[in-house]
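Asker: Before I ask anything, let me first share the structure, which is written out below as structure tokens.
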Amino acid sequence: MTAGSVDRPPILVLGLGNQLLGDDGAGLRLLELLEAGQGRAANVESLGGGTPAVEFIDGGTQGLALLGTIENRQGLLILDAVGSGSAGEVHSLDARDLAALRARRASTAHEGNALELLEAATLLGVAPARTVVVGITPAMLKTGIGLSPPVEAALPEALRQAGLALQSLISSLTA
Amino acid sequence: MARKIVVDPVTRIEGHLRIEAMLDDGGKIKDAMSTGTMWRGIEVILKGRDPRDAWAFCERICGVCTTVHALASVRAVENALGIRVPPNADVIRNIMFLTQMVQDHVVHFYHLHALDWVDIVSALKADPAGTEALAKKVSPKWPKSSEGYFRDVQNKLKKFVESGQLGLFQNAYWGHPAYKLPAEANLMAVSHYLEALAWQKELVKIHTVFGGKNPHPNYLVGGMASALNIEGDNAINMERLNLVKSKIEEAFSIVEDMYIPDLLAVASFYLDWASIGGGLGNYMSYGDVPQRGIGDPKGYLFPRGVILNKNLGEVMDVDPADASQIQEEISHSWYKYPNGSQGLHPWDGVTEPNYTGPKPPYTELDETKAYSWLKAPRWKGHSMEVGPLARVLIGYASGRAEFKEVVNEALGRLKAPPAALFSTLGRTAARGLETKLCIHWLLQEYEHLITNLKTGDSNTADNRKWDPSTWPADCKGYGFTEAPRGALCHWIHIKDSKIENYQAVVPSTWNASPRDAKGQLGAYESALIGTPMADPSRPIELLRTIHSFDPCLACASHVFGPDGESLAEVIVR
Numbered sequence: 003m004t005a006g007s008v009d010r011p012p013i014l015v016l017g018l019g020n021q022l023l024g025d026d027g028a029g030l031r032l033l034e035l036l037e038a039g040q041g042r043a044a045n046v047e048s049l050g051g052g053t054p055a056v057e058f059i060d061g062g063t064q065g066l067a068l069l070g071t072i073e074n075r076q077g078l079l080i081l082d083a084v085g086s087g088s089a090g091e092v093h094s095l096d097a098r099d100l101a102a103l104r105a106r107r108a109s110t111a112h113e114g115n116a117l118e119l120l121e122a123a124t125l126l127g128v129a130p131a132r133t134v135v136v137g138i139t140p141a142m143l144k145t146g147i148g149l150s151p152p153v154e155a156a157l158p159e160a161l162r163q164a165g166l167a168l169q170s171l172i173s174s175l176t177a
Numbered sequence: 191m192a193r194k195i196v197v198d199p200v201t202r203i204e205g206h207l208r209i210e211a212m213l214d215d216g217g218k219i220k221d222a223m224s225t226g227t228m229w230r231g232i233e234v235i236l237k238g239r240d241p242r243d244a245w246a247f248c249e250r251i252c253g254v255c256t257t258v259h260a261l262a263s264v265r266a267v268e269n270a271l272g273i274r275v276p277p278n279a280d281v282i283r284n285i286m287f288l289t290q291m292v293q294d295h296v297v298h299f300y301h302l303h304a305l306d307w308v309d310i311v312s313a314l315k316a317d318p319a320g321t322e323a324l325a326k327k328v329s330p331k332w333p334k335s336s337e338g339y340f341r342d343v344q345n346k347l348k349k350f351v352e353s354g355q356l357g358l359f360q361n362a363y364w365g366h367p368a369y370k371l372p373a374e375a376n377l378m379a380v381s382h383y384l385e386a387l388a389w390q391k392e393l394v395k396i397h398t399v400f401g402g403k404n405p406h407p408n409y410l411v412g413g414m415a416s417a418l419n420i421e422g423d424n425a426i427n428m429e430r431l432n433l434v435k436s437k438i439e440e441a442f443s444i445v446e447d448m449y450i451p452d453l454l455a456v457a458s459f460y461l462d463w464a465s466i467g468g469g470l471g472n473y474m475s476y477g478d479v480p481q482r483g484i485g486d487p488k489g490y491l492f493p494r495g496v497i498l499n500k501n502l503g504e505v506m507d508v509d510p511a512d513a514s515q516i517q518e519e520i521s522h523s524w525y526k527y528p529n530g531s532q533g534l535h536p537w538d539g540v541t542e543p544n545y546t547g548p549k550p551p552y553t554e555l556d557e558t559k560a561y562s563w564l565k566a567p568r569w570k571g572h573s574m575e576v577g578p579l580a581r582v583l584i585g586y587a588s589g590r591a592e593f594k595e596v597v598n599e600a601l602g603r604l605k606a607p608p609a610a611l612f613s614t615l616g617r618t619a620a621r622g623l624e625t626k627l628c629i630h631w632l633l634q635e636y637e638h639l640i641t642n643l644k645t646g647d648s649n650t651a652d653n654r655k656w657d658p659s660t661w662p663a664d665c666k667g668y669g670f671t672e673a674p675r676g677a678l679c680h681w682i683h684i685k686d687s688k689i690e691n692y693q694a695v696v697p698s699t700w701n702a703s704p705r706d707a708k709g710q711l712g713a714y715e716s717a718l719i720g721t722p723m724a725d726p727s728r729p730i731e732l733l734r735t736i737h738s739f740d741p742c743l744a745c746a747s748h749v750f751g752p753d754g755e756s757l758a759e760v761i762v763r
């Protein structure tokens, strides 16, 4: 079976993180909000044949096991906590930013990392054609469910940027 | 003068681990401290919740071992409520369990551990024709072994390295003198690294068939939620089952024709590691893969037991319910117990953090005081190693024919005595050998399921005790499994239909344990002693032994980008 079977939506929105660790769950909360708000609208514009354009998946903290989920998508939007900047800061990272991040990174502490997932996909030649990351800088990464006030306050802006990113992925699909 | 090495965090593992090692004048490790630097505390989140939901939270404890925590959790609740799941539920759980084990072990070997033994960069200098000759000798059944194939892989690797982004391969000590493989063997290993990477994402599709959603499969107290109907359209039908079978067959070939031959070939270059890294010599397994229900340990394919002091002549019994057997101590951990530091059985366990260490960032920790976020679990007061080596030794010492066969065959091929198993190499080999057993069992369990379905038994759950009104007001249970990294057990106390207390003792808590009140070292600490270090600023030898345990500190914190992750800092003093 080849990757990226034809019946899969060409765009994937992948939420990453652990909602048992406070703000590490920011990406999953964004996923929920984006799917509830834009998901339906986005999928109205489904491609011919009834296959929806966008799939929403909660990837948790899975690492390489997500390779099959992202492979050969035309567009990938990752929603995650982003480990730089000040608490509650919203980030939108495109391909160039991601390349810069990779070059700066000396090593990683764990395998369950989105950068490594993307690198593995690149190495195998199955990376999505376009990848965008939208995320929020966490304030609190402690055991517990729920987001901190600065991250909670950043949700509307993050949601707006995630929505724009998704629209852009969809329009490059039809272009 | 003695020197100290600090590696913090240890990379290519899940979670955060810090190792401090003291070297003697000859450059060998003479003492070591293993520190979990992050607090988890899932237990705190579960208090007061519905026991039937616990598995879904537990599934999120760890980014890698999702299924094993869910399995331990539903078994704990079923044990507390006296539920016996129907045979199909056990078979499906076994299939999920074995799939996880095979996937996890292959990924560990190629993607986390191989880089300790294989110099990826040296593969660029290999002669692809030489690699073809080698591959045909080492793994004659593996189809992809032509010169052209290896040349393609080499070009791909060259492009990757020339892009200036080593990425996945960034984090190793390329060119270190401790690498012993010829360039041609390194190229073969890189090729198989890529094969394994592409394959592992296919195998987990088995979880999607039975668990419904990926990557967080559904479990159910009382059985499994998988609807089975060979002829149905919406249920798990023959088409879905055929997909499972094809994935099992692919895995067979990966394990038998690629992983095991590679493992033995690499091992033959590193036989000196058969006398390094043994450590405690105490091994424990709860056992798993039940054939007659979880209540009958004699029917487990992985037998349960304890081996002390490397004595393969005796396998003792282990009982997770016995308060005198398993206790967690905190004399060297950042927790406090209400009644001093006496060890507690997990049913009475308390998870109250009490950080008394230096203010981060610190330069060193004091082994005479508390120095870890991990508690120190002990079996009858002894430190234990858990994981593949423990399981294989217990199977071997219990006289199980399947275990004896794979162990004796591997020892014969390497011309090594059984004592070679008590080592870093033995640990790495045991992981491969049990993978071989697991892939055979996986096929066997699949055939059980098909047989059951063909005789008309499609029942997967017993829901007679689903309603809390059928539960006792106060009850306790435990649920165990053998996770890829070793013995895992969850203990639950249910009161008035809610979780009163919940404790999980995970494999890496055993292996990465700090000292106890008697000063006994944990498994990592003990295994590091005696390890020779050629160049302390590039501590590849230390990493080989630590990685041989497949550490999983399971904090599963997961921040995107570089700044949230401290660099793998190696400090030599």
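Protein chains in written order, with my numbering: chain V, 3 to 177; chain U, 191 to 763. All residues carry an ideal CB built from backbone N, CA and C; glycine is no exception.
Identify every residue that forms a DSSP beta bridge with U/Tyr668.
Answerer: The residue labelled residue 668 of chain U in the question sits at position 478 within the second sequence. DSSP, once it has assigned bridges, lists U/Trp681 as partnering U/Tyr668.
Asker: Contact between the region 547–562 of chain U and the region 672–683 of chain U: three or more CB pairs below 8 Å?
Answerer: Touching, no.
Asker: Any idea what DSSP makes of U/Phe340, helix, strand or coil?
Answerer: Start at 1 with the first residue of the second sequence, and residue 340 of chain U comes out as number 150. In this structure, U/Phe340 counts as helix in the three-state DSSP scheme.
Asker: Looking at C-alpha atoms only, which residue of U/Leu623, U/His572, U/Trp569 is the closest neighbour of U/Phe593?
Answerer: Along the second sequence, one-based indexing puts residue 593 of chain U at 403. Looking at the Cα atoms, U/Leu623 is the closest of the given residues.
Asker: If we cut at 7 Å on Cβ distances, does V/Ala160 have a partner in chain U?
Answerer: Within the first sequence, residue 160 of chain V is the residue found at index 158, counting from 1. With 7 Å as the cut-off, V/Ala160 does not count as an interface residue toward chain U.
Asker: Between V/Leu79 and chain U, is any beta-carbon pair separated by less than 7 Å?
Answerer: To locate residue 79 of chain V, count along the first sequence from 1; it is residue 77. Not closer than 7 Å to any Cβ of chain U, the Cβ of V/Leu79 fails to qualify, so no.
Asker: Look up V/Ile172 in the DSSP assignment and say whether it is helix, strand or coil.
Answerer: Within the first sequence, numbered from 1, the residue matching residue 172 of chain V stands at position 170. Three-state result, V/Ile172: helix.
Asker: Which of the three DSSP states, helix, strand or coil, is assigned to U/Lys194?
Answerer: By one-based count along the second sequence, residue 194 of chain U stands at place 4. Looking at U/Lys194 - three-state DSSP - the assignment turns out to be strand.
Asker: Please classify V/Leu95: does DSSP put it in a helix, a strand, or coil?
Answerer: Taking the first sequence and counting its residues from 1, the one referred to as residue 95 of chain V is at position 93. Looking at V/Leu95 - three-state DSSP - the assignment turns out to be strand.
Asker: Could you tell me which residues DSSP puts in a beta bridge with U/Arg208?
Answerer: Within the second sequence, residue 208 of chain U is the residue found at index 18, counting from 1. According to DSSP, which records beta bridges pairwise, U/Arg208 is partnered with U/Thr225.
Asker: Nearest by alpha-carbon distance to V/Ala164: which of V/Gly148, V/Leu120, V/Gly65, V/Leu95 is it?
Answerer: The residue labelled residue 164 of chain V in the question sits at position 162 within the first sequence. If we check each option's Cα against that of V/Ala164, V/Leu95 comes out closest.
Asker: Which residues does DSSP list as the beta-bridge partners of U/Lys594?
Answerer: In the second sequence, counting from the first residue as 1, residue 594 of chain U sits at position 404. According to DSSP, U/Lys594 bridges with nothing at all.
Asker: Among U/Ala455, U/Ile251, U/Ile396, which one has its Cα closest to the Cα of U/Pro140?
Answerer: Since the first residue of chain U shown is 191 and the last is 763, residue 140 of chain U is not available in this structure.
Asker: Using beta-carbon positions only, say whether V/Val84 and V/Ala160 come within less than 7 Å of one another.
Answerer: Indexing the first sequence from 1 puts residue 84 of chain V at position 82. Indexing the first sequence from 1 puts residue 160 of chain V at position 158. Not in contact: V/Val84 and V/Ala160 (Cβ atoms no closer than 7 Å).
Asker: For V/Gly24 and chain U, any beta-carbon pair shorter than 7 Å?
Answerer: Reading the first sequence from its first residue, position 22 is the one you call residue 24 of chain V. It does not: the Cβ of V/Gly24 has no partner Cβ on chain U nearer than 7 Å.
Asker: What are the partner residues of V/Thr133, as DSSP defines its beta bridges?
Answerer: Position 131 of the first sequence, counting from 1, holds the residue named residue 133 of chain V. DSSP, once it has assigned bridges, lists V/Leu78 as partnering V/Thr133.
Asker: Am I right that U/Asp652 and U/Gly483 are in contact with their C-beta atoms under 8 Å? What's the rounded C-beta distance?
Answerer: In the second sequence, the residue the question calls residue 652 of chain U occupies position 462. In the second sequence, the residue the question calls residue 483 of chain U occupies position 293. So it is not a contact: roughly 12 Å between Cβ atoms.
Asker: Taking only runs that begin and end inside the region 508–559 of chain U, name each unbroken alpha helix (DSSP H) of 4 or more residues, in chain order.
Answerer: Whole alpha helix (DSSP H) segments, 4+ residues: zero.
Asker: Quick check: does the Cβ of V/Ala97 come within less than 6 Å of any heavy atom belonging to the ligand ATP?
Answerer: Here there are no bound small molecules, and the ligand ATP is not part of this structure.
Asker: Helix, strand or coil: how does DSSP classify U/Met506 here?
Answerer: Against the second sequence, residue 506 of chain U aligns to sequence position 316. Correct three-state label for U/Met506: strand.
Asker: Span of the alpha helix (DSSP H) holding U/Tyr383?
Answerer: The residue labelled residue 383 of chain U in the question sits at position 193 within the second sequence. Residues 373–393.
Asker: Does the region 708–722 of chain U come into contact with the region 216–236 of chain U, if we say contact requires no fewer than three beta-carbon pairs (one atom in each stretch) closer than 8 Å?
Answerer: Verdict: yes, contact present.
Asker: Just grab the DSSP bridge partners of U/Asp306 for me.
Answerer: In the second sequence, residue 306 of chain U corresponds to position 116, counting from 1. For U/Asp306, which the question treats as bridged, DSSP gives no partner whatsoever.
Asker: Rounded to whole angstroms, what is the Cα-Cα separation between U/Pro674 and U/Cys255?
Answerer: By one-based count along the second sequence, residue 674 of chain U stands at place 484. By one-based count along the second sequence, residue 255 of chain U stands at place 65. So the alpha carbons of these two residues sit roughly 8 Å apart.
Asker: Take every Cβ of the region 276–291 of chain U, pair it with every Cβ of the region 635–653 of chain U, and state whether three or more of those distances are shorter than 8 Å.
Answerer: The region 276–291 of chain U vs the region 635–653 of chain U: in contact.
Asker: Take every Cβ of the region 579–586 of chain U, pair it with every Cβ of the region 432–444 of chain U, and state whether three or more of those distances are shorter than 8 Å.
Answerer: The region 579–586 of chain U is not in contact with the region 432–444 of chain U.
Asker: Quick one: list the residues of chain V neighbouring U/Phe299, beta-carbon separation under 7 Å, in chain order.
Answerer: Counted from its first residue, the second sequence places residue 299 of chain U at position 109. Going along chain V, no residue has its Cβ under 7 Å from U/Phe299, so there is no contact; the nearest lies around 13 Å.
Asker: So, helix, strand or coil for U/Ala651, using DSSP?
Answerer: Locating residue 651 of chain U in the second sequence gives position 461, where the first residue counts as 1. In the structure shown, U/Ala651 sits in a strand (DSSP, three-state: E or B).
Asker: As a quick exercise: from V/Leu143, V/Ala122, V/Pro151, V/Ala102, pick the residue whose alpha carbon is nearest that of V/Gly27.
Answerer: Locating residue 27 of chain V in the first sequence gives position 25, counting from the first residue. Among V/Leu143, V/Ala122, V/Pro151, V/Ala102, the Cα nearest to that of V/Gly27 belongs to V/Leu143.
Asker: Work out the CA separation of V/Leu125 and U/Ala373 for me, nearest whole Å.
Answerer: For the purposes of this step, residue 373 of chain U is taken as residue 183 along the second sequence, with counting starting at 1. For the purposes of this step, residue 125 of chain V is taken as residue 123 along the first sequence, with counting starting at 1. The straight-line gap from Cα to Cα measures roughly 20 Å.
Asker: Listing by chain order, which chain U residues have their CB less than 9 Å from the CB of V/Gly70?
Answerer: As a working note, residue 70 of chain V is residue 68 in the first sequence. Going along chain U in sequence order, the residues near V/Gly70 (Cβ under 9 Å) are Gln390, Lys391, Glu392, Val394, Lys395, Asn404.
Asker: In chain order, what residues of the same chain have a beta carbon less than 7 Å from the beta carbon of V/Asp60, not counting five sequence neighbours either side?
Answerer: On the first sequence, position 58 is the one that residue 60 of chain V refers to. Once the five neighbours on either side are set aside, the close Cβ partners of V/Asp60 are Gly17, Leu30, Leu33.
Asker: Cβ of V/Gly17 less than 7 Å from any chain U Cβ?
Answerer: In the first sequence, residue 17 of chain V corresponds to position 15, counting from 1. No, no contact with chain U.
Asker: If I follow the unbroken beta strand (DSSP E) through U/Gln693, where does it start and stop?
Answerer: Here the question's residue 693 of chain U lines up with position 503 in the second sequence. Unbroken beta strand (DSSP E) run through U/Gln693: 688–695.
Asker: Cβ closer than 9 Å: which chain V residues qualify as neighbours of U/Leu314?
Answerer: In the second sequence, the residue the question calls residue 314 of chain U occupies position 124. Per Cβ cutoff of 9 Å: no residues; U/Leu314 is ~15 Å from chain V at best.
Asker: Going by DSSP, name the residue or residues bridged to V/Ile59.
Answerer: On the first sequence, position 57 is the one that residue 59 of chain V refers to. BP columns for V/Ile59 point to V/Leu16.
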